[in-house]
Structure formats: C-alpha cells, structure tokens
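Heads up, the sequence shown is in my numbering, so the first residue is 5 and it goes up one at a time.
Step one of this worksheet: look at the structure below.
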Amino acid sequence: MPKNHPADDLASPQDLGWEEQEDASASSPTPSRVHPSERDAQQEEVQPYVQPEMPMSRTVSFRHSSCRRERDAVRDALVWVEGNTKRVDRWDRCGQGAMILQDAANPDRYSLRSMICRDRFCPTCSRERSRTIARHLASKIGDQLHRFITLTIRHSKERLEDLLTKLLHSFKELRRTRLWKKKVDGGCAFLEIKYSNGWHPHLHLITVGDYLPHDELAKEWLRITKDSSVVDIRLIRDPATTARYVAKYASKPLSRELIFQPRLLREAIRTLPGRKLLWTFGSWRGWRIHEEKDETVWLTVGPLDVWLKLADAGDAEALKIIGKLRRERKWQEEHET
Ligand SMILES: [Zn+2]
C-alpha cells in the first residue's frame, strides 16, 4: 500500500499554512525609510493595567456568563504582557452589539450574533471554534476508522519555549520515519499545554491510515526524543466520540488550571505568538479545517439588550426567547467540558 505522501515532508508545522494567527504581535509592516525614533513614536504605548472604562454591557455578560473569572484572568495577563493594545480592546468588545436570530426553518431555534474577538485565549470564542471544527471534522471523517494519538515529552523544568520546540521538531522527525509513512495517511494535530510541577506540552492527533503498533511508535518516539516514550493510541469508530474529543482539545491551548496561575499564564502568552495551535498534515494538508458552511437561513429578531429589558418587564415572548438561549448555552457548556 503506497504510503509515501509528498506532504509528509520536511516542512515545519509552523509552515503548514494554518491561518490561526490572532496575535496582536503580528502588526503592520514597518516602513523602510523611517528613522528609529519615529518608529518608536508610532508604536502603541504600553499602559499600566486598567479595568475597562465602561462597565461590561449586558450583552457581553450574557455571552461570557459561564467564564467570567477565566476571561478576567486572561485579560489581566494579556494587559501585563502586551499593554492595552487593540487586542485587549477587541477582547472587551467580544459580545457587544448582539442580535437575536431565528432559524427560518425551525422557529423554535434561536441564536446570537455579535462582535467577537476571535482571540485564541477567549474561552467563549474558543468553544465556538471547537464546535465548528468538530462538526467539520466529523463530516470529513464520516464512517472511516480513525485514531487518536497523543504524543508527550518528558516532564521537565525547562522553559516552555524549549519544550515546545523539542516537541514540534520531534513530531516533524517522526513524520519522516518509514513507520509513520507506511502507517499514517494524514490527519490533524492539536497543541495542548499543561502544567504540573513543570510544563507538559502534548500533541493530540487525529489520524487516518493503517494499524500503528503502540510498541513501534513508542520506540520511534523514544529514539527521536531521546527521553520520552509515552504515547497513546486509540481506535475510534464513531464520529460522536471524535466530536467530544475535538471539543475537549481543539482550540484550547491552555488547560484550565493554568488560567489561574498568573506567572505561568503570562509565560504561556509570551511563548505562543507565532505558534500554530492546530494544523493538518499528510493527505489532509491543505484542507481548511475551520471552514464550514452554515446553510441555515437566519432571520433577525432584534437586539439582545432590548429583549433582555422586555424579559425583565415580564414580557412572555421575551422570557421564552431568552430562556431558550440560556438553556441552549447551558446545555452546550455541560456537554463540552
Ligand atoms: Zn471572544
């Protein structure tokens, strides 16, 4: 069976065309004929930490109702690392201007559309993105057997930056091996970072291809990394399991316990710009994992803040709509964590 895929090549994961680059550090190009002092003057000044000037609007609170503490902690770290940049401004506006939409084909189904920050650390935006990726992946995989593979590197006191470089370099090496080329057609990779007495970056992979013996993979991984042999392989037969797995790992680079440890969180935020969190390889390379068409015809029902006020006043229709939206969000949260 031919397994030598041109895409299993020497490219770094960082070069695989993954479009997820939301960091504010990717700023506009520097003019070439500008004196250094002028360039300094154009940069955004780093301001001391301040709370948002305006109290959080009700629509913003509604969007982030389940993760307020988490979001505040990440915002603090972003301001600490980058100052009050446009990124923080976008962060504060995530959820503003929310409109309620109704599914034209199913009038009992409502949704919200608002400004969103799309920041890789925004828990709400991440959850929505995971959901899209999970649906898109499930439709790509269909009934095909696929595998979840986890690659870890040995716990260490090294800097996160060095461990990440080692992990990604080792994965690139692994994809060059005969074993990998023979057994794995392609797939996608998610980066996850944990901390427990040291940094633990992992790669979670979804792959399609042949049976990959655990012992052989562990041996190759140990040979490449020199000190790590912990790998996990699971065969998956149903798309529902994939969807759960993806919702858990995709687009959530930092595990929850890190969020409330400011020093570690800041190190992670400093280290991750320019790093891809999710990418495809092998026969899946070039497949745009985020892009899912929503065929639903949505009708506009009105601004969320107006409907919230109507619900406060006891309006029956408003109570019904707001109740449905709240239950929908709660259900999603309970089934995705
Ligand atoms: Zn957001």
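All C-beta atoms, glycine included, are put in the ideal place defined by N, C-alpha and C.
Original post:
How should T300 be labelled, buried or exposed, when 16 other C-beta atoms within 10 angstroms of its C-beta is the threshold for buried?
Top reply: Along the sequence shown, read from residue 1 onward, the residue named residue 300 stands at position 296. By the neighbour-count rule (16 or more Cβ atoms within 10 Å), T300 is not buried but exposed.
Subject >> Bridge-paired residues (DSSP) for S160 >> reply: Within the sequence shown, numbered from 1, the residue matching residue 160 stands at position 156. Its beta-bridge partners are W203.
**OP:** Could you check how far apart the C-beta atoms of S287 and I228 are, in whole angstroms? I think they sit under 8 Å.
**Re:** Position 283 of the sequence shown, counted from the start, is the residue given in the question as residue 287. Position 224 of the sequence shown, counted from the start, is the residue given in the question as residue 228. About 22 Å separates the two Cβ atoms, so there is no contact after all.
Original post:
Start and end of the beta strand (DSSP E) containing T284?
Top reply: Numbered from 1 along the sequence shown, position 280 holds the residue referred to as residue 284. From DSSP, the beta strand (DSSP E) with T284 extends over L282 to G286.
Original post:
Nearest to L167 by CA position, among L149, E196 and A222, is which residue?
Top reply: Locating residue 167 in the sequence shown gives position 163, where the first residue counts as 1. Of the listed residues, the one whose Cα sits closest to L167 is E196.
Original post:
How would the residue list near ligand 1 read, in chain order, if you kept each one whose beta-carbon is closer than 7 Å to any heavy atom?
Top reply: W95, C98, I120, C121, R122, D123, C126, T128 and C129
Subject >> Short Cβ contact (9 Å threshold) for L164 with T275 >> reply: Here residue 164 is taken as the residue at index 160 of the sequence shown, counted from 1. Here residue 275 is taken as the residue at index 271 of the sequence shown, counted from 1. It is a contact, given that the beta carbons lie within the stated cut-off.
Subject >> The alpha helix (DSSP H) enclosing P127, as first and last residue numbers >> reply: Taking the sequence shown and counting its residues from 1, one reaches residue 127 at position 123. Element bounds for P127: P127 to I145.
**OP:** Apply the 10 Å Cβ neighbour rule to S143 and answer buried if 16 or more other Cβ atoms are within range, or exposed otherwise.
**Re:** On the sequence shown, residue 143 is found 139 positions in, with the first residue counted as 1. Its Cβ having fewer than 16 others within 10 Å, S143 is exposed.
Subject >> Residue burial classification, F264 (beta-carbon count within 10 angstroms, cutoff 16) >> reply: As a first step, residue 264 is located in the sequence shown; it is residue number 260 there, counting from the start. It is exposed - the Cβ of F264 has fewer than 16 other Cβ atoms within 10 Å.
Subject >> Cβ shell of L155 (< 6 Å), same chain only, five flanking positions each side left out >> reply: Taking the first residue of the sequence shown as 1, we reach residue 155 at position 151. The residues are L207 and V235.
**OP:** Kindly indicate which three-state DSSP category T89 falls into: helix, strand or coil?
**Re:** Locating residue 89 in the sequence shown gives position 85, where the first residue counts as 1. Looking at T89 - three-state DSSP - the assignment turns out to be coil, as it is neither helix nor strand.
**OP:** Whole angstroms is fine: what's the gap from F152's alpha carbon to K313's?
**Re:** On the sequence shown, position 148 is the one that residue 152 refers to. On the sequence shown, position 309 is the one that residue 313 refers to. If you take the alpha carbons of F152 and K313, they lie about 47 Å apart.
**OP:** With W291 as the anchor, note down where its beta strand (DSSP E) starts and where it stops.
**Re:** Numbered from its first residue, the sequence shown carries residue 291 at position 287. Counting along the chain, W291 falls outside any beta strand (DSSP E), and DSSP gives it neither H nor E.
Original post:
Thinking just about the alpha-carbon of each residue, which of W335, E321 and R289 is nearest to the one in W188?
Top reply: Counted from its first residue, the sequence shown places residue 188 at position 184. According to the sequence displayed, residue 188 carries Val and not Trp. That would be R289, whose Cα lies nearest to the Cα of V188.
Original post:
Given a threshold of 16 other Cβ atoms within 10 Å of its Cβ, counted over all protein chains shown, does W225 qualify as buried or as exposed?
Top reply: Counted from its first residue, the sequence shown places residue 225 at position 221. Buried, since its Cβ has 16 or more Cβ neighbours within 10 Å.
Subject >> Candidates A244, S233 and I210: closest to H218 by CA position >> reply: Taking the sequence shown and counting its residues from 1, the one referred to as residue 218 is at position 214. With distances taken between Cα atoms, H218 lies closest to S233.
Original post:
Thinking C-alpha only, which one of R180, T181 and K198 is nearest S160?
Top reply: One-based indexing of the sequence shown puts residue 160 at position 156. Looking at the Cα atoms, K198 is the closest of the given residues.
Subject >> P114 classed as buried or exposed, judged by whether at least 16 other C-beta atoms fall within 10 angstroms >> reply: Translated into positions along the sequence shown, residue 114 becomes position 110. It is Tyr, not Pro, that sits at residue 114 in the sequence shown. It is buried - the Cβ of Y114 has at least 16 other Cβ atoms within 10 Å.
Subject >> Per-residue burial, P266 [other beta carbons within 10 Å of its own, 16 or more giving buried] >> reply: Working through the sequence shown from its first residue, we reach residue 266 at position 262. Burial call: exposed.
Original post:
What is the rounded straight-line gap between the Cα of Q336 and the Cα of L209?
Top reply: Against the sequence shown, residue 336 aligns to sequence position 332. Against the sequence shown, residue 209 aligns to sequence position 205. Approximately 24 Å, taken between the alpha carbons.
Subject >> Test item: CB-CB of Y249 and I237 under 9 Å >> reply: Walking along the sequence shown from the start, residue 249 turns up at place 245. Walking along the sequence shown from the start, residue 237 turns up at place 233. No, these two residues do not count as a Cβ contact at 9 Å.
Original post:
In whole angstroms, what is the alpha-carbon distance linking Y215 and K185?
Top reply: Here residue 215 is taken as the residue at index 211 of the sequence shown, counted from 1. Here residue 185 is taken as the residue at index 181 of the sequence shown, counted from 1. Going by the C-alpha atoms only, they are around 12 Å apart.
Original post:
Comparing alpha-carbon positions, which option in I326, G327 and P307 lies nearest R117?
Top reply: Translated into the one-based positions of the sequence shown, residue 117 becomes position 113. Closest by alpha carbon: P307.
Original post:
Measuring CB to CB, does L303 end up less than 9 Å from L105?
Top reply: Within the sequence shown, the letter at position 299 stands for residue 303. Within the sequence shown, the letter at position 101 stands for residue 105. Yes. Within cutoff.
Original post:
Which residue from A317, T63 and R260 puts its Cα closest to that of S200?
Top reply: The residue you call residue 200 lines up with position 196 of the sequence shown. Considering only alpha carbons, the answer is R260.
Original post:
When DSSP labels each residue in this structure, what does S115 get in the three-state scheme?
Top reply: In the sequence shown, counting from the first residue as 1, residue 115 sits at position 111. Note: S115 maps to strand in three-state DSSP.
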